[in-house]
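The structure under discussion appears below in the form of structure tokens.
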Amino acid sequence: MKISLGPLLYCWEKQQVIDFYQQVATSQIPLVYVGEAVCSRRRELKFGDYLELAKMLKSAGKEVMLSTLALIEAPSEYTELKRQVDNGEFSIEANDMAAVYLAKEHKLPFVCGASINNYNRASLDILQRFGMQRFVMPVELSKTWLSQVIENKPAFEVEVLGHGYLPLAHSARCFTARHQHLSKDSCETVCRQYSKGLLAQTQEAQPLLRLNGIQTQSANCVDLRSELNEMIEMGVDVFRVSPSSLACISKADALVEALKTGATDAQFPRSDEHCNGYWFGEAGLKSLS
Amino acid sequence: MELLCPAGNLASLKSALQAGADAVYLGLKDDTNARSFAGLNFTPTKLQEAAELTHQRGKKIFLTLNTFPKPNEEHRWYQAIDLAASIGVDALIVADLSLLDYAHRQYPHIPLHLSVQASATNLGALSFYKEAFNIARVVLPRVLSMKQVRDLAKVSPVDLEVFAFGSLCIMAEGRCHLSSYVTGQSPNTGGSCSPAKHVRWQEQGQDRLTRLNEVLIDKSGLDEQMGYPVVCKGRYLTQDDDKPQYLLESPTSLNTLSLLPELAKAGIVSLKIEGRQRSPAYVEQVTKVWRQAIDTYLNHPDKFQTQAHWEQALAKVSEGQITTLGAYERDWQ
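Sequence lines, in order, name chains A and B.
Okay, so the first sequence: first residue is 140 according to the numbering used here, each after it adds one.
Okay, so the second sequence: first residue is 19 according to the numbering used here, each after it adds one.
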């Protein structure tokens, strides 16, 4: 099993992003996804910037993949996607069927992101024939589901989002702009103000959601680090950490270390606001031990 | 332009046909469709009856198999496709790759409509499904602006169907886990959004609390108009504002009557009315208005204007009696 760092889903200032990936370059994390996966209106970093980051990380010895948008609507977004898929150097994480289509057309291998609906083995095998080398389990599925699906060893790898805030939905509407009384077309990239999204709580002060532009995330952080051993036994190939702060780099490093030393039963302290319900086949927001 | 209406049961189906639907869509009474509310949907025998009734009137019937099969239970979905083929439905509405593959290989003569649950919103995705499974039509998610619909229609390799009226789903359909995050049941695998057994209303003084699996999603006055409780239409607090607000959307319905000429000019082949979970009276009312509107448009395309009495009739059956153009209108986004 190896540890990966998922794409940064928040809108950070350009320099912050560069600093972040420079630290990633010196970390032990072997597999890194970079790219804008949420909103095409975020232009702090352009495709060329991501490509440079990818090259920098590659020269630091990382395996790098380019993540693509989850919701592709405008023709301009589709044109941009073509550029990304046809970059000539890096494989992509497809977060929409459009990316699967283009990768298949170019006969390029790809990873299927969690936002593509993969709910059974027959569908996964079809995607594998089209070039899928690995898939990220949709976030709402469980370990029981996964073990049934990979009972007969598949020809593709499996990645599980094991630590981070869960992407739960995507909309045409930008909730962050709306909250600031701005329209989407003149949003001033106001999502920069919320480095981990805007927390939404119920009227009983229960943290529920995190508004990240057009994306809605879980308020609670999924934490499956204590399940590492079981995942290894099941045959999970990659454990993904979804970045939300600089601290996640050291968390991911600690996981790489644990795998190296075989200390995968190490106790990882959980935050008060963690959840793991989906993994156990329950409501995603639950925290079960 | 086809008027496609929902049928949660035989009574609704009859209402829809009577009121002027060109086609109806419906699901089986199990988890092969994403509206598995108790008391809704069709047994195989009722489906047969529904098909006969529909065909006698020269109309079309589409079977919705829009969930994603669970591991080791795929055969149940394949059997549903076999059943639909033997009954002679006019199209299958499908989202899952394995089901598209099965239907395309076994029954290439049955048109495949890509369900909205597949969340296909662009030329690349449509080309993928067309080339791999020869789909005939796509149902577009309610996330595109009118301009984006027009742009897509110009280049699409398949026919387009859009949601014209009904409950407003504000997330890209098929990719929304808000309901399963709170309840543990996924609409994608055969549950429904906000399953009724998880909904609980509770009166507290002058307030009515709406809970979904014990999570408080709204607090309202006892006399307030309420929609069906879903996570995206609840009122919440934020870190920088402690006044409860509809942060995502308020209870409201989609109504595109005023867009009818634009949708027609864009070449949209089918207008879908949402609401298999609604009553036969709702189906009848909405179908009647849309039949009149479409016929009025077709008779005099240049003179079309939406009528106040149509809008009033539709508002009456809308959530919170409020309607919106949703994502079709850029300002909403």
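The C-beta atom is built at its ideal place from N, Cα and C for all residues, glycine as well.
CB of residue i within 7 Å of CB of residue j, strictly
{"i": "Gly270/A", "j": "Thr315/A", "result": "no"}
{"i": "Asn234/A", "j": "Thr207/A", "result": "yes"}
{"i": "Cys387/A", "j": "Tyr304/A", "result": "no"}
{"i": "Ser137/B", "j": "Gly192/B", "result": "yes"}
{"i": "Val200/B", "j": "Ala422/A", "result": "yes"}
{"i": "Asp100/B", "j": "Ile265/A", "result": "no"}
{"i": "Arg260/A", "j": "Glu298/A", "result": "no"}
{"i": "Ala209/A", "j": "Ser281/A", "result": "no"}
{"i": "Ser383/A", "j": "Lys335/A", "result": "yes"}
{"i": "Ser230/A", "j": "Met204/A", "result": "yes"}
{"i": "Gln135/B", "j": "Ala113/B", "result": "yes"}
{"i": "Val171/A", "j": "Lys201/A", "result": "yes"}
{"i": "Ile286/B", "j": "Val180/B", "result": "yes"}
{"i": "Phe86/B", "j": "Tyr240/A", "result": "no"}
{"i": "Ile142/A", "j": "Phe378/A", "result": "yes"}
{"i": "Ala308/A", "j": "Cys194/B", "result": "yes"}
{"i": "Ala358/A", "j": "Leu347/A", "result": "yes"}
{"i": "Asn84/B", "j": "Ala121/B", "result": "no"}
{"i": "Ala29/B", "j": "Pro298/B", "result": "yes"}
{"i": "Ile111/B", "j": "His131/B", "result": "yes"}
{"i": "Gln354/A", "j": "Leu255/B", "result": "no"}
{"i": "Leu162/B", "j": "Ala171/B", "result": "no"}
{"i": "Arg428/B", "j": "Asp236/B", "result": "Missing from the structure shown is residue 428/B; chain B here goes from 19 to 351 and no further."}
{"i": "Ala193/A", "j": "Ala164/A", "result": "no"}
{"i": "Thr207/B", "j": "Lys88/B", "result": "yes"}
{"i": "Ser198/B", "j": "Cys211/B", "result": "no"}
{"i": "Leu141/B", "j": "Tyr189/A", "result": "no"}
Buried versus exposed, by CB contacts within 10 Å (16 or more), residue i
{"i": "Val157/B", "result": "buried"}
{"i": "Trp284/A", "result": "buried"}
{"i": "Gln356/A", "result": "buried"}
{"i": "Phe55/B", "result": "exposed"}
{"i": "Leu385/A", "result": "exposed"}
{"i": "Ala402/A", "result": "exposed"}
{"i": "Arg317/A", "result": "buried"}
{"i": "Arg123/B", "result": "exposed"}
{"i": "Ser410/A", "result": "exposed"}
{"i": "Gln161/A", "result": "exposed"}
{"i": "Lys321/B", "result": "exposed"}
{"i": "Asn291/A", "result": "exposed"}
{"i": "Ala214/B", "result": "exposed"}
{"i": "Leu363/A", "result": "buried"}
{"i": "Pro146/A", "result": "buried"}
{"i": "Ser436/A", "result": "Summary: the structure shown does not reach residue 436/A, with chain A confined to residues 140 through 428, and so no result is reported for it."}
{"i": "His302/A", "result": "buried"}
{"i": "Asn317/B", "result": "exposed"}
Next on the checklist: Give me the subset of the region 92 to 109 of chain B whose CB atoms are less than 7 Å from a CB atom of chain A, sorted by chain position.
Outcome noted: Glu92
Item to check | Residues in the region 278 to 293 of chain A having any Cβ partner in chain B nearer than 7 Å | outcome: Val278, Glu279, Trp284, Gln287 and Val288
Checklist entry - Is there contact between the region 243 to 262 of chain B and the region 142 to 156 of chain B, where contact requires at least three CB pairs shorter than 8 Å? => result Result no; under three Cβ-Cβ pairs closer than 8 Å.
Next on the checklist: I want to know whether the region 102 to 113 of chain B touches the region 65 to 75 of chain B - three or more CB-CB distances under 8 Å.
Outcome noted: yes
Item to check | Against chain A: residues of the region 261 to 276 of chain B by CB proximity under 7 Å | outcome: Across the region 261 to 276 of chain B, CB contacts with chain A closer than 7 Å involve Pro262, Leu265 and Leu266, in sequence order along the chain.
Checklist entry - Are there three or more Cβ pairs, one per stretch, closer than 8 Å when the region 72 to 87 of chain B is compared with the region 27 to 47 of chain B? => result yes
Next on the checklist: So, does the region 265 to 272 of chain B touch the region 329 to 337 of chain B, judging by three or more C-beta pairs under 8 Å?
Outcome noted: yes
Item to check | Chain-ordered residues of the region 335 to 346 of chain A with a beta carbon less than 9 Å from chain B | outcome: Hits within the stretch, in order: Leu337, Leu338, Ala339, Gln340, Thr341, Gln342, Glu343, Ala344 and Gln345.
Checklist entry - Counting Cβ pairs closer than 8 Å, one from the region 322 to 338 of chain A and one from the region 148 to 158 of chain A, do we hit at least three? => result yes
Next on the checklist: Beta carbons nearer than 9 Å to chain B: which residues of the region 302 to 314 of chain A have them?
Outcome noted: Leu305, Pro306, Leu307, Ala308, His309, Ser310, Ala311, Arg312, Cys313 and Phe314
Item to check | beta strand (DSSP E) segments (min. 3 residues) lying fully within the region 220 to 249 of chain A | outcome: 230 to 233
Next on the checklist: So if I threshold CB-CB distances at 8 Å, which residues from the region 127 to 143 of chain B count as touching chain A?
Outcome noted: Near chain A, meaning a CB-to-CB distance below 8 Å, the residues of the region 127 to 143 of chain B are Gln135, Ala136, Ser137, Ala138, Thr139, Asn140, Leu141, Gly142 and Ala143.
Checklist entry - What are the residues of the region 390 to 424 of chain A that lie near chain B, defined by any Cβ-Cβ distance shorter than 9 Å? => result Per Cβ criterion, the list reads Cys414, Gly416, Tyr417, Gly420, Glu421, Ala422, Gly423 and Leu424.
Item to check | Under 9 Å (Cβ pairs) to chain A, residues found in the region 177 to 203 of chain B | outcome: Ile188, Met189, Ala190, Gly192, Arg193, Cys194, His195, Leu196, Ser198, Tyr199, Val200, Thr201, Gly202 and Gln203
Next on the checklist: Under 8 Å, with one C-beta from each stretch per pair, do the region 22 to 42 of chain B and the region 305 to 313 of chain B reach the 3-pair mark?
Outcome noted: Yes, the region 22 to 42 of chain B is in contact with the region 305 to 313 of chain B.
Checklist entry - Relative to chain A, which residues along the region 26 to 37 of chain B have a C-beta separation below 8 Å, given in chain order? => result none
Checklist entry - If contact means a Cβ-Cβ distance below 8 Å, which residues of the region 228 to 246 of chain A contact chain B? => result Asp235, Met236, Ala237, Ala238, Val239, Tyr240, Leu241 and Lys243
Checklist entry - When Cβ atoms are compared, which residues of the region 221 to 235 of chain B fall closer than 8 Å to chain A? => result Asn231, Val233, Leu234 and Ile235
Checklist entry - Is the region 287 to 301 of chain B touching the region 20 to 27 of chain B in the sense that three or more CB pairs, one from each, lie closer than 8 Å? => result yes
Next on the checklist: Against chain A, which members of the region 236 to 259 of chain B pass a CB distance test of less than 9 Å?
Outcome noted: The residues in question are Asp236, Lys237, Val249, Cys250, Gly252, Arg253, Tyr254, Leu255, Thr256, Gln257, Asp258 and Asp259.
Next on the checklist: If we require 3 or more residues per run, which beta strand (DSSP E) segments fall completely within the region 134 to 161 of chain B?
Outcome noted: You should have 155 to 157.
Checklist entry - Is the region 158 to 170 of chain B in contact with the region 323 to 332 of chain A, if contact means three or more CB pairs nearer than 8 Å? => result no
Checklist entry - Residues in the region 252 to 270 of chain A with C-beta within 9 Å of chain B's C-beta atoms, listed in sequence order? => result The residues in question are Ser254, Ile255, Asn256, Asn257, Tyr258, Asn259, Arg260, Ala261, Ser262, Leu263, Asp264, Ile265, Leu266 and Phe269.
Item to check | alpha helix (DSSP H) segments (min. 4 residues) lying fully within the region 362 to 423 of chain A | outcome: 367 to 373 and 386 to 400
Next on the checklist: Taking beta-carbon pairs under 9 Å, can you tell me which members of the region 161 to 189 of chain A lie near chain B?
Outcome noted: Result list empty, no residue passes.
Checklist entry - Which runs of the beta strand (DSSP E) fall wholly inside the region 293 to 341 of chain A and span at least 3 residues, in chain order? => result Taking only runs of at least 3 residues, the beta strand (DSSP E) segments lying wholly in the region 293 to 341 of chain A are 296 to 309 and 337 to 340.
Item to check | chain B contacts from the region 186 to 213 of chain A (Cβ-Cβ distance under 7 Å) | outcome: Leu210, Ile211, Glu212 and Ala213
Checklist entry - What residue ranges within the region 168 to 206 of chain A form continuous beta strand (DSSP E) runs of no fewer than 3 residues, ordered along the chain? => result 170 to 173 and 202 to 206
Checklist entry - Which ranges would you report for the beta strand (DSSP E) in the region 47 to 118 of chain B if only whole runs of at least 3 residues count? => result With a minimum length of 3 residues, the unbroken runs of beta strand (DSSP E) contained wholly in the region 47 to 118 of chain B fall at 78 to 83 and 109 to 112.
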